[in-house]
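Read in numbering that gives the first Met the number 0, the sequence shown has 44 at position 45, and its numbers run on one by one without any break. Glycine included, C-beta positions come from ideal geometry on N, C-alpha and C. Worksheet: one structure, shown below.
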Amino acid sequence: MNTDQAETPNYLKAIRLINIEGDKCSFENGKIPIRQHINANYFFAQTDVSTLEKIPHPAPRRQYVITLKGKLKFTVSNGETFIIEPGIVLIANDTAGEGHTWEIVDGNEWERIYIPLEEDTDDYFTID
Numbered sequence: 000m001n002t003d004q005a006e007t008p009n010y011l012k013a014i015r016l017i018n019i020e021g022d023k024c025s026f027e028n029g030k031i032p033i034r035q036h037i038n039a040n041y042f043f044a045q046t047d048v049s050t051l052e053k054i055p056h057p058a059p060r061r062q063y064v065i066t067l068k069g070k071l072k073f074t075v076s077n078g079e080t081f082i083i084e085p086g087i088v089l090i091a092n093d094t095a096g097e098g099h100t101w102e103i104v105d106g107n108e109w110e111r112i113y114i115p116l117e118e119d120t121d122d123y124f125t126i127d
């Protein structure tokens, strides 16, 4: 057996924003499988950070957010926080209520790709 194959992870680290009771926002730590085909119609890149930084907002749609560059702190309704940086997939699924906030904590750039998910598409997220 090739040792390189044995060390290859079968999952990517992921954090999913979710709506909870009262349209509050929380998050779950988990993972998504590698090599899983996920139905998506399009994706887009974004670099602007001035529009929503530090402003509470729900996700505009269910979507994967893939950070290419930058380190951010996300805060949910109860004040809990988590860090997103390259290597951690964010699944934004808090599409109602007050939502979340984010702020850049290292540097001043956030390069990311958004991959919107249709309502009935499985996000393949599993909790650790």
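- Rounded to the nearest whole angstrom, the CA to CA distance from Asp22 to Leu71 is 23 Å.
- Secondary structure within the segment 53-117: not one fully enclosed alpha helix (DSSP H) run of 4 or more consecutive residues is present.
- For Glu110, the closest C-alpha among the options Thr80, Thr46, Asp119 and Arg60 is that of Thr46.
- If you ignore the 5 residues before and after Gly86, its C-beta comes within less than 7 Å of the C-beta of Lys12, all in its own chain and listed in chain order.
- Ranking Glu79, Trp101 and Ile14 by CA distance to the CA of Gly29 puts Ile14 first.
- Within a 10 Å sphere around the beta-carbon of Ile83 sit 16 or more other beta-carbons, which makes this residue buried.
- At least 8 Å separates the beta-carbon of Glu102 from that of Lys68.
- Taking C-beta atoms under 8 Å as the contact rule, Ile90 and Ala44 fail to qualify, at a distance of about 18 Å.
- For the 8 Å CB-CB criterion, Glu117 and Asn18 do not form a contact.
- If you look at Gln45, you'll find it in the beta strand (DSSP E) that goes Phe43 to Gln45.
- DSSP places Phe26 in the uninterrupted beta strand (DSSP E) bounded by Lys23 to Pro32.
- Beta-carbon to beta-carbon, Thr74 and His99 are separated by about 6 Å, close enough to satisfy the 8 Å threshold.
- Ala13: member of the beta strand (DSSP E) spanning Tyr10 to Ile19, first to last residue.
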